[in-house]
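Colleague:
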Amino acid sequence: MSEQKSTNIILFSGDYDKAMAGYIIANGAAAYDHKVTIFHTFWGLNALRKDENVHVKKGLMDKMFGKMMPRGADKLGLSNMHFAGIGPKMIKNVMKKHNATSLPDLIEMAKMQDINLVACQMTVDLLGFKREELMDGIEYAGVAAYLADAENGNVNLFI
Amino acid sequence: MSEQKSTNIILFSGDYDKAMAGYIIANGAAAYDHKVTIFHTFWGLNALRKDENVHVKKGLMDKMFGKMMPRGADKLGLSNMHFAGIGPKMIKNVMKKHNATSLPDLIEMAKMQDINLVACQMTVDLLGFKREELMDGIEYAGVAAYLADAENGNVNLFI
Amino acid sequence: MSEQKSTNIILFSGDYDKAMAGYIIANGAAAYDHKVTIFHTFWGLNALRKDENVHVKKGLMDKMFGKMMPRGADKLGLSNMHFAGIGPKMIKNVMKKHNATSLPDLIEMAKMQDINLVACQMTVDLLGFKREELMDGIEYAGVAAYLADAENGNVNLFI
Numbered sequence: 006m007s008e009q010k011s012t013n014i015i016l017f018s019g020d021y022d023k024a025m026a027g028y029i030i031a032n033g034a035a036a037y038d039h040k041v042t043i044f045h046t047f048w049g050l051n052a053l054r055k056d057e058n059v060h061v062k063k064g065l066m067d068k069m070f071g072k073m074m075p076r077g078a079d080k081l082g083l084s085n086m087h088f089a090g091i092g093p094k095m096i097k098n099v100m101k102k103h104n105a106t107s108l109p110d111l112i113e114m115a116k117m118q119d120i121n122l123v124a125c126q127m128t129v130d131l132l133g134f135k136r137e138e139l140m141d142g143i144e145y146a147g148v149a150a151y152l153a154d155a156e157n158g159n160v161n162l163f164i
Numbered sequence: 006m007s008e009q010k011s012t013n014i015i016l017f018s019g020d021y022d023k024a025m026a027g028y029i030i031a032n033g034a035a036a037y038d039h040k041v042t043i044f045h046t047f048w049g050l051n052a053l054r055k056d057e058n059v060h061v062k063k064g065l066m067d068k069m070f071g072k073m074m075p076r077g078a079d080k081l082g083l084s085n086m087h088f089a090g091i092g093p094k095m096i097k098n099v100m101k102k103h104n105a106t107s108l109p110d111l112i113e114m115a116k117m118q119d120i121n122l123v124a125c126q127m128t129v130d131l132l133g134f135k136r137e138e139l140m141d142g143i144e145y146a147g148v149a150a151y152l153a154d155a156e157n158g159n160v161n162l163f164i
Numbered sequence: 006m007s008e009q010k011s012t013n014i015i016l017f018s019g020d021y022d023k024a025m026a027g028y029i030i031a032n033g034a035a036a037y038d039h040k041v042t043i044f045h046t047f048w049g050l051n052a053l054r055k056d057e058n059v060h061v062k063k064g065l066m067d068k069m070f071g072k073m074m075p076r077g078a079d080k081l082g083l084s085n086m087h088f089a090g091i092g093p094k095m096i097k098n099v100m101k102k103h104n105a106t107s108l109p110d111l112i113e114m115a116k117m118q119d120i121n122l123v124a125c126q127m128t129v130d131l132l133g134f135k136r137e138e139l140m141d142g143i144e145y146a147g148v149a150a151y152l153a154d155a156e157n158g159n160v161n162l163f164i
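Residue numbers (this note's numbering), protein chains in the order written: chain A, 6 to 164; chain B, 6 to 164; chain C, 6 to 164.
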């Protein structure tokens, strides 16, 4: 009897391209029957934000963070800052031309494949997010939960 | 009977220093008899470009990408943008002074050690590269091939 | 009899937030009885610098590097350059407000938990550091030592 393989991705980055890479690997692994978890921490949490403005009560600094950070997967920037000209728009155009799957669609696909989307509770507290501002159906956990999965994992990546 | 160990590196970054780190680990692992694969995706693909201008037929946007991105390992920039003064040139000078191996030489060494250099087919399509523009002797594959290697791998890294 | 699990982190980045993430995972893993090693390479070495100015004899270029790079964990910058307004100061304020552990404290905690803090000897040579400039009680090693740990590791991450 063979045990189910597992893939555990820490998504630290809030960059559109890095998040795409993470979600492509995750969806691939789920298709190959891995148990897959994406643990969103620090800037990676922005991929899980709802794109509409959710009205919640917040202190001044939490409000500022909320305003300054991108609201949802579609708003993320690029990791590669060397070429001012290749902006997220140009990448998105190219992706459309090639029928590549957008990040919001990759996240939808991940949900349909029962990939565990986890928000790092420490980051949620630190950046002052309220649960209403993040996608429904995600989990909240900390480093202990991550380690419990990853210590038996096959493919562990920090992105 | 012990199985051969394996190291599987996803090189996502197109930064000179990060690519160096990846190739140093890869060459080290090959020297310790690991089966080693470097899967070049997104900006990491630039490390596999030929440094001369190869004439191929392309659409306008593909041509633009080709012009804007660095042509080959020797042209990559640095990941660390905090210190405007430490440019790739200064790093390369320091490396020469210390007889450290340059990135193009590390790639040559990787080929001689039979490390699998893989270009992500999706990225090749997305950025509009033609095979003539990339190094000879590399493979083209997707996330399924990566996962087949990595799920049994010992050292899996995303760089 | 079960073997001790192990976590092996390559800290390549010299960013405050990425180093924090690495040290949080490392301290968590140590608390769960993993054997933990953090291998500091390239810019990650700056986290191990003493914060005072140590007088050592150096050539001009080594002196320049020493001046240009942050002196110790508390001086590191942020990875996320998209929002000019979210500086390390703002993050540190938020962390203080939430009683989150600062990076220097996370490093102290790592020492108390007997996490192996390793400085990459190649980087030390390349950037012209003297051992007096780095923290006491750390080890110096190369890629071979890293691989010997990581090839039997459970959680291997490149940060």
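For every residue, glycine included, the Cβ atom is placed at its ideal position computed from N, Cα and C.
Just reading off the beta strand (DSSP E) that Leu132 of chain B is part of, what are its end residues?
Modeller: Note, Leu132 of chain B: premise wrong, no beta strand (DSSP E); not H, not E.
Colleague: Cα separation between Phe47 of chain B and Phe70 of chain B?
Modeller: Looking at the two C-alpha atoms, the distance is approximately 12 Å.
Colleague: Starting from Gly82 of chain B, follow its DSSP beta bridges and name the residues at the other end.
Modeller: Paired residue(s): B:Asp20.
Colleague: Going by DSSP, what residues sit across from Asn161 of chain A in a beta bridge?
Modeller: Looking at the DSSP assignment, Asn161 of chain A forms a beta bridge with A:Asn13.
Colleague: Anyone know if the C-beta pair for Gly27 of chain A and Ile14 of chain A falls short of 8 Å?
Modeller: It is a contact, given that the beta carbons lie within the stated cut-off.
Colleague: Report all residues from its chain with a CB closer than 8 Å to the CB of Ala89 of chain C; omit the five preceding and five following residues, and keep chain order.
Modeller: The predicted position of Ala89 of chain C is uncertain, since its pLDDT is 48 and thus under 50; no value can be drawn from it.
Colleague: Out of B:Lys63, B:Leu122, B:Asp20, state which residue places its alpha-carbon closest to the alpha-carbon of Thr42 of chain B.
Modeller: Out of B:Lys63, B:Leu122, B:Asp20, B:Leu122 has the C-alpha closest to the C-alpha of Thr42 of chain B.
Colleague: Ignore the nearest five residues each way along the sequence and tell me which others in Met140 of chain A's own chain have a CB closer than 6 Å to its CB.
Modeller: If we look at Met140 of chain A and ignore the five residues flanking it on each side, its Cβ neighbours are Leu53.
Colleague: In chain C, which residues lie less than 7 Å from Val148 of chain A when you measure between Cβ atoms?
Modeller: Near Val148 of chain A (Cβ distances below 7 Å), the residues of chain C are Ile29, Ile30, Gly33.
Colleague: Please confirm whether Ser107 of chain A and Lys23 of chain A have their CB atoms less than 8 Å apart.
Modeller: No, the pair does not count as a contact, with Cβ atoms beyond the cut-off.
Colleague: What is the DSSP secondary structure of Ala105 of chain B, reduced to helix, strand or coil?
Modeller: Of the three classes helix, strand and coil, the one that applies to Ala105 of chain B here is coil, per DSSP.
Colleague: Checking the sheet assignment: what are the DSSP bridge partners for Asn121 of chain A?
Modeller: BP columns for Asn121 of chain A point to A:Thr42.
Colleague: Can you confirm whether the stretch 54-61 of chain B touches the stretch 132-146 of chain B when touching is taken to mean that 3 or more C-beta pairs between the two stretches lie within less than 8 Å?
Modeller: Cβ pair count under 8 Å is three or more, so yes.
Colleague: Could you spell out the range, first to last residue, of the alpha helix (DSSP H) harbouring Ala146 of chain B?
Modeller: Where Ala146 of chain B is concerned, there is no enclosing alpha helix (DSSP H), although the beta strand (DSSP E) it sits in stretches over 144-146.
Colleague: Could you tell me which residues DSSP pairs with Phe65 of chain A in its beta bridges?
Modeller: The amino acid occupying residue 65 of chain A in the given sequence is Leu; Phe does not appear at that position. Answer is none; Leu65 of chain A lacks a bridge partner.
Colleague: Can you list, in chain order, the residues of its chain with a C-beta nearer than 8 Å to that of Val61 of chain A? Leave out the 5 residues immediately preceding and following it.
Modeller: Here the set comprises Lys135, Glu137, Glu138.
Colleague: Could you tell me whether the Cβ of Phe47 of chain A comes closer than 8 Å to any Cβ of chain B?
Modeller: Answer no: the Cβ-Cβ gap between Phe47 of chain A and chain B never drops below 8 Å.
Colleague: Which residues share a DSSP beta bridge with Arg54 of chain A?
Modeller: Bridge partners of Arg54 of chain A: A:Leu139.
Colleague: Can the beta-carbon of Gly64 of chain C be found closer than 8 Å to that of Leu16 of chain C?
Modeller: Against a cut-off of 8 Å, the Cβ pair of Leu16 of chain C and Gly64 of chain C comes out as no contact.
Colleague: What number of angstroms, rounded off, separates the C-alpha of Cys125 of chain C from the C-alpha of His103 of chain B?
Modeller: In a straight line, the C-alpha of Cys125 of chain C is about 15 Å away from that of His103 of chain B.
Colleague: From C:Gly82, C:Ala115, C:Asp130, C:Pro75, pick the residue whose C-alpha is nearest to that of Ile96 of chain B; which is it?
Modeller: Ranking the options by Cα distance to Ile96 of chain B, first place goes to C:Asp130.
Colleague: Taking 8 Å as the threshold (beta carbon to beta carbon), is Leu50 of chain B in contact with chain A?
Modeller: Judged by the 8 Å Cβ criterion, Leu50 of chain B is not in contact with chain A.
Colleague: Only counting the same chain, and skipping five residues up and downstream in sequence, which positions put a Cβ closer than 8 Å to that of Gln118 of chain B?
Modeller: Cβ within range, chain order: Asn32, Ala35, Ala36, Val41.
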